[in-house]
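Asks: Just so we're aligned, residue 15 is where the sequence shown starts under the numbering used here, counting upward by one.
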Amino acid sequence: MALITLTTDFGLKDHFVGAVKGAIYSELPEATIIDITHEITPFNIAETAYILKNAYKSFPKGTIHIVGVDSELSIQNKHIAIYLDDHYFICPDNGIISMIASEINPTKIVEINIHDHIESSFPVLDVFVKVASFIARGGKLDVIGKAIEDYKKMVEIQPKINQEKTIIVGGVIYIDNYGNVISNISKKMFEEIGKDRPFKITARRYTFDKIYTQYNDIVNFESTDIRQFDGKKLALFNSANYLEIAIYRSNLKTVGGASTLLGLDYRDRITVEFINPSTPEFTTI
């Protein structure tokens, strides 16, 4: 039985998601289809990469992931199928796979070439579904495309480190349902560069010199009124191990989230500055 996931920016108002699912069931009546999300911000590659990276690992090996974000075929936006970490990904070659493949090298990548027989303005329906169905039946990637060695890298997903290794310059790549702001700075990078040095995190005019383990670490539960901590800002490494700026018990309809209260948005800069043992003050960016 084929297990196929869908990650798109289609939303749920239009017919697109239903049509794709119907096409899969027409090809594979016994398939199981799982929606990862259809609420990606339109054409947002970094957001897609972040969600996909943190969702796919929960699925069994052999799962086929269809990714439909900015998927219109062009000379600069080819369609690829990838076998990586025992999972299959069918997606445009627009940087979506960068965050996963930066840590795990793909076993095989092919450029899909069945377009010679299909003209479509809806490639997820007309191309990606056929490729997924072919793979689900045991088909080999070499049959549906020519092998290629590389994929398009997305530069903004990768934070930058200065030559002295005292500053990490990252940016906002995702804002979650609570308004929490997720950066592209991983815990692994923070620890490798920081080496237990004191630090200062800067996001717009706000600074943080402590990273919490979980959200409610900011609360003093011995206080007579713990509600006073609602709305406090904090930094932590989230469950995906990326640096996050959050508001405790944030609610976009009442208290607000870090994105609104701190004025942070997609691509805004977040920096981490470390103190060198021989330098008493923070370096200047």
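Note that the Cβ used here is the ideal one computed from N, Cα and C, for glycine as well.
(1) Please name the residue, chosen from L20, L276 and V34, that lies closest to E53 on a Cα-to-Cα basis.
(2) From V81 to H93, what does the alpha carbon distance come to, in whole angstroms?
(3) What are the complete alpha helix (DSSP H) segments, minimum 4 residues, inside the region 56 to 120?
(4) Kindly indicate which three-state DSSP category T274 falls into: helix, strand or coil?
(5) Could you check the C-alpha separation between I162 and I189 for me, to the nearest Å?
(6) If you draw a straight line from the alpha carbon of I299 to that of K179, how long is it in whole angstroms?
(7) As a quick exercise: from L275, H79 and I232, pick the residue whose alpha carbon is nearest that of A217.
(8) What did DSSP end up calling K167 once you bin it into helix, strand or coil?
(9) Identify the continuous alpha helix (DSSP H) that holds G184 and give its terminal residues.
(10) Starting from Y256, follow its DSSP beta bridges and name the residues at the other end.
(11) Please determine if the region 185 to 200 and the region 276 to 287 are in contact, where contact requires at least 3 C-beta pairs separated by less than 8 Å.
(12) Tell me which residue opens and which closes the alpha helix (DSSP H) that G32 is part of.
(13) Counting C-beta neighbours from all protein chains within 10 Å, is the total for Y229 16 or more, i.e. buried, or is it exposed?
(14) Would you tell me roughly how many angstroms separate the C-alpha atoms of L17 and L66, rounded to the nearest one?
(15) Reducing DSSP to helix, strand and coil, say where G208 ends up.
(16) If you run the structure through DSSP and keep just helix, strand and coil, what is L155?
(17) Run through the DSSP bridge pairs and tell me what R283 is partnered with.
(18) Suppose you measure from the CA of L139 to the CA of V34; what does that come to, to the nearest Å?
(19) Consult DSSP for A16 and reduce its assignment to one of helix, strand or coil.
(20) Taking A45 as the reference, which of N191, S147 and I259 has the closest Cα?
(21) State whether the region 151 to 159 contacts the region 86 to 104, with contact taken as three or more CB pairs (one from each stretch) at a distance under 8 Å.
(22) What is the rounded straight-line gap between the Cα of S273 and the Cα of L248?
(23) Alpha carbon to alpha carbon, how far is Y256 from I182? Give it in angstroms, no decimals.
(24) So who's on the other strand from T227, going by DSSP bridges?
(25) Return the Cβ separation of T55 and I110 in integer angstroms, given the expectation that the two are a contact with Cβ distance under 8 Å.
(26) Whole angstroms are fine: how far does the CA of I50 sit from the CA of S116?
(27) Which of the three DSSP states is assigned to K144 in this structure?
Replies: Quick answer:
(1) In the sequence shown, the residue the question calls residue 53 occupies position 39. Among L20, L276 and V34, the Cα nearest to that of E53 belongs to L20.
(2) To locate residue 81, count along the sequence shown from 1; it is residue 67. To locate residue 93, count along the sequence shown from 1; it is residue 79. Between V81 and H93, the C-alpha separation is close to 10 Å.
(3) 59 to 70 and 112 to 115
(4) Position 260 of the sequence shown, counted from the start, is the residue given in the question as residue 274. Helix.
(5) Residue numbering aside, residue 162 sits at position 148 when the sequence shown is read from its first letter. Residue numbering aside, residue 189 sits at position 175 when the sequence shown is read from its first letter. Cα to Cα, I162 sits roughly 33 Å from I189.
(6) Mapped onto the sequence shown, residue 299 falls at position 285. Mapped onto the sequence shown, residue 179 falls at position 165. The predicted position of I299 is uncertain, since its pLDDT is 46 and thus under 50; no value can be drawn from it.
(7) Here residue 217 is taken as the residue at index 203 of the sequence shown, counted from 1. Measuring from the Cα of A217, the nearest candidate turns out to be L275.
(8) Along the sequence shown, one-based indexing puts residue 167 at 153. K167: coil per DSSP, three-state reduction.
(9) What you label residue 184 is simply residue 170 of the sequence shown in a count that begins at 1. Not the alpha helix (DSSP H): G184 falls in the beta strand (DSSP E), residues I181 to I189.
(10) Within the sequence shown, the letter at position 242 stands for residue 256. BP columns for Y256 point to S200.
(11) yes
(12) As a first step, residue 32 must be located in the sequence shown, where it is residue number 18. G32 -> alpha helix (DSSP H) spans F30 to E41.
(13) Taking the first residue of the sequence shown as 1, we reach residue 229 at position 215. Flag for Y229 reads buried.
(14) For this step, residue 17 is matched to residue 3 along the sequence shown. For this step, residue 66 is matched to residue 52 along the sequence shown. One C-alpha to the other measures close to 16 Å.
(15) In the sequence shown, residue 208 corresponds to position 194, counting from 1. The answer is helix: DSSP assigns G208 an H, G or I state.
(16) As a working mapping, residue 155 is identified with position 141 in the sequence shown. In the structure shown, L155 sits in a helix (DSSP, three-state: H, G or I).
(17) Working through the sequence shown from its first residue, we reach residue 283 at position 269. In the DSSP output, where bridge partners are listed per residue, R283 has G185.
(18) Against the sequence shown, residue 139 aligns to sequence position 125. Against the sequence shown, residue 34 aligns to sequence position 20. The straight-line gap from Cα to Cα measures roughly 5 Å.
(19) Taking the first residue of the sequence shown as position 1, residue 16 is located at position 2. A16: coil per DSSP, three-state reduction.
(20) For the purposes of this step, residue 45 is taken as residue 31 along the sequence shown, with counting starting at 1. Nearest of N191, S147 and I259 to A45, Cα basis: S147.
(21) yes
(22) In the sequence shown, residue 273 corresponds to position 259, counting from 1. In the sequence shown, residue 248 corresponds to position 234, counting from 1. Each residue's Cα considered, the two are about 13 Å apart.
(23) Locating residue 182 in the sequence shown gives position 168, where the first residue counts as 1. Locating residue 256 in the sequence shown gives position 242, where the first residue counts as 1. Going by the C-alpha atoms only, they are around 13 Å apart.
(24) By 1-based counting over the sequence shown, the position of residue 227 is 213. According to DSSP, which records beta bridges pairwise, T227 is partnered with nothing at all.
(25) Reading the sequence shown from its first residue, position 41 is the one you call residue 55. Reading the sequence shown from its first residue, position 96 is the one you call residue 110. That belief does not hold up - the Cβ atoms of T55 and I110 are roughly 13 Å apart, past 8 Å.
(26) Taking the sequence shown and counting its residues from 1, one reaches residue 116 at position 102. Taking the sequence shown and counting its residues from 1, one reaches residue 50 at position 36. Using only the alpha carbons, I get a separation of about 21 Å.
(27) Taking the sequence shown and counting its residues from 1, the one referred to as residue 144 is at position 130. Helix, per DSSP.
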